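Structure first, commentary second.
Residue numbers (mature numbering (1 follows the signal peptide of the UniProt record, and there is no 0)): -22 to -1, 1 to 674.
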């Protein structure tokens, strides 16, 4: 037989508005009341009673936000001595809206009557009880509810939990709890200059802005919390510490240096100096989409650049071997891509739907498991969905209710049948969360003092004997639809290819200067905002084209003096660094103009200088002919667009042959004439000598 509960009830009405003694009791009025009359639980002290004689104090309020005064009302504390059997029963209790399923025990002494409650008025209530009065006999989680009834009909209810842990409780395993908190935003710049595409970061840094709230949490969080920080956010904030610009549709607006950005970076650097920090890949790329669309080189570069940036701007010990993919979802292709060098991820943090137990289990599985990748074993840590949601509730709730639920959930896990050794649990709210600092700080503080929990860092969790078999990476067709699409990534791939060319011609080879810009284009932030991603892609593409255009073929007229000879092809390098490239020349009319073989030697041009290649050509006729000139990298990739040049052939060599031929003809005629003259003179001389002989 359930003991009667002796409760002390105290009530006060906090309202200066006139009270109305009666209120309509029609069905329509009750419906309105259900929608706008609210009851809340403000405190439960102690939050975990440990003795049957502990006095538990429940306090809260009833507020009337209907359009009419309500009364009489009755506030009741409802309870049952029957504890929950498992976490599923707790979830069902919380989601149930049926008044018939509320805890059934209500004693007349636990009820408070409110004669009337005016519009906008609020009444406070207080109930006290001990575990023995509530009928609690042992360790467990018990349902508690406070409802408000009108004419005996419950019209609004607040459900919660109470965890009882008496000294007689059997020794519970001390489960290890790791909390991962994200500091991940979206890109706010296109290229690495000082021009931003919006000013959202400035708004987020002040007051109750998202980044300001994250800093408040970081200052109060225990050092065991693992922080996932997106490095392009740090880069953007660093840029804001100097004067910057905001590019709008019609104009560009100058902004002064943002001191708050520098203060935020300093605050986070100090707060996280002794905490484990994980640098996400730069720009937070959509790794699964990149793996599926053939952009395999980008994740490794993002991991490398992300680590460098985070170590320079936030925490010199920031690691990159742990990866938290978008939505906590991976498939085998993405896992393989992450597991290879450069970057080489050895641990992934996943959503529970991505790696479900197989076969299903009724208890809470251990968070750690080992996956096979192309590069060997990879540790997977699976976040507990319910615990994670408590850090980021999807519906409005109070700090108290979330804290009581957290206590209850972790206590139920510790008491699950069959648990002998401690298990590992992971909390990971959604990656772009908008946290409530008071709530998160309260939950972290509570986790640190519960006797069945031990706070630890994420990288300290390893697979153990408590691990359960998992089904393997479960990645559905719907998951693929949520990725960045092939249509979105096609122009990104083209921009990435062209950007890489700008680095391949410089001497010595180095980063293109567009690595960070390209990675921003692949951000998972554009999954739900492809329009913004495409706009930034166009801006980066324009910047890449401008860089490529700084190396160009001069278009001055070129002349081939004669039917064969050399024609100079000049290239202007407007970059401030040397370049090395090849020049490919092809005739567009081989019957009129032929190109002689070009030596396979690269052309080296100094910064802000021009270089010239002498190209041998043979013309069969005089007039104009065209050639196509293509610059190529050392790797024989086309650099920039091909250019058509006109070659003018004069035919001077043919005329010269005519002239020489005519000259030879004239010269031969003169020689012949001279020979004939000499012969004639000799003949005349011999004839004269003959006459003289005859006379003698």
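Backbone N, C-alpha and C fix where the C-beta goes; we use that ideal spot for every residue, glycine too. Quick caveat: nothing in here was measured; it's all calculated off a predicted structure.
{"Item": "For residue 330 and residue 292, believed in contact at Cβ under 8 Å, the rounded distance", "Value": "So it is not a contact: roughly 29 Å between Cβ atoms."}
{"Item": "Under 8 Å between C-beta atoms of residue 585 and residue 555", "Value": "yes"}
{"Item": "Own chain partners of residue 433 with C-beta closer than 7 Å, once the 5 adjacent residues on each side are dropped", "Value": "155, 200, 202, 425, 426"}
{"Item": "Simplified DSSP state of residue 91, which is helix, strand or coil", "Value": "strand"}
{"Item": "Which residues DSSP lists as bridging residue 142, in chain order", "Value": "118"}
{"Item": "Those residues which DSSP pairs with residue 624 across a bridge", "Value": "604"}
{"Item": "Residue 606 beta carbon less than 8 Å from that of residue 479", "Value": "no"}
{"Item": "Sequence-distant residues of the same chain with beta carbon closer than 6 Å to residue 618, five excluded per side", "Value": "526, 609"}
{"Item": "Straight-line gap, residue 567 to residue 550 (C-alpha atoms, nearest Å)", "Value": "26 Å"}
{"Item": "Cβ pair residue 418, residue 365 closer than 8 Å", "Value": "no"}
{"Item": "Residue 620 versus residue 570 - alpha carbon distance", "Value": "21 Å"}
{"Item": "Span separating the alpha-carbon of residue 50 from that of residue 326", "Value": "57 Å"}
{"Item": "For residue 153 and residue 403, believed in contact at Cβ under 8 Å, the rounded distance", "Value": "6 Å"}
{"Item": "Within 8 Å, strictly: CB atoms of residue 304 and residue 502", "Value": "yes"}
{"Item": "Contact test: residue 546 Cβ vs the ligand FMN heavy atom, cutoff 7 Å", "Value": "The model on display carries no ligand, and the ligand FMN is accordingly not part of it."}
{"Item": "Option in 256, 270, 198 with minimal Cα separation from residue 249", "Value": "198"}
{"Item": "Outcome for residue 383 when other beta-carbon atoms lying within 10 angstroms are tallied against a minimum of 16", "Value": "buried"}
{"Item": "Distance between residue 494 and residue 534 (C-alpha atoms, nearest Å)", "Value": "37 Å"}
{"Item": "Alpha-carbon spacing of residue 33 relative to residue 416, whole angstroms", "Value": "26 Å"}
{"Item": "Residues that DSSP places opposite residue 19 in a beta bridge", "Value": "38"}
{"Item": "At least three beta-carbon pairs within less than 8 Å, the stretch 52 to 69 to the stretch 113 to 127", "Value": "yes"}
{"Item": "Rounded C-alpha distance that separates residue 236 from residue 358", "Value": "40 Å"}
{"Item": "Extent of the continuous alpha helix (DSSP H) run through residue 390", "Value": "377 to 392"}
{"Item": "Cβ contact check for the stretch 124 to 136 and the stretch 167 to 182: 3 or more pairs under 8 Å", "Value": "no"}
{"Item": "Buried or exposed by the 16-neighbour rule on C-beta atoms within 10 Å, applied to residue 298", "Value": "buried"}
{"Item": "Cβ pair count under 8 Å reaching 3, the stretch 312 to 323 against the stretch 369 to 376", "Value": "no"}
{"Item": "Assigned exposure category for residue 306 - 16 Cβ within 10 Å defines buried", "Value": "buried"}
{"Item": "Whether residue 540 touches residue 473 by CB criterion (8 Å)", "Value": "no"}
{"Item": "For residue 443, the three-state DSSP class (helix, strand or coil)", "Value": "coil"}
{"Item": "Three-pair Cβ contact test at 8 Å for the stretch 160 to 170 versus the stretch 91 to 101", "Value": "no"}
{"Item": "Span separating the alpha-carbon of residue 186 from that of residue 161", "Value": "16 Å"}
{"Item": "Beta strand (DSSP E) segments (min. 3 residues) lying fully within the stretch 502 to 544", "Value": "529 to 531, 536 to 538"}
{"Item": "Residue nearest to residue 180 in terms of C-alpha spacing, selected from 140, 142, 144, 222", "Value": "222"}
{"Item": "Reduced DSSP category for residue 216 - H, G, I as helix; E, B as strand; rest coil", "Value": "helix"}
{"Item": "Minimum C-alpha distance to residue 349 - residue among 337, 582, 317", "Value": "317"}
{"Item": "Which residues DSSP lists as bridging residue 589, in chain order", "Value": "549"}
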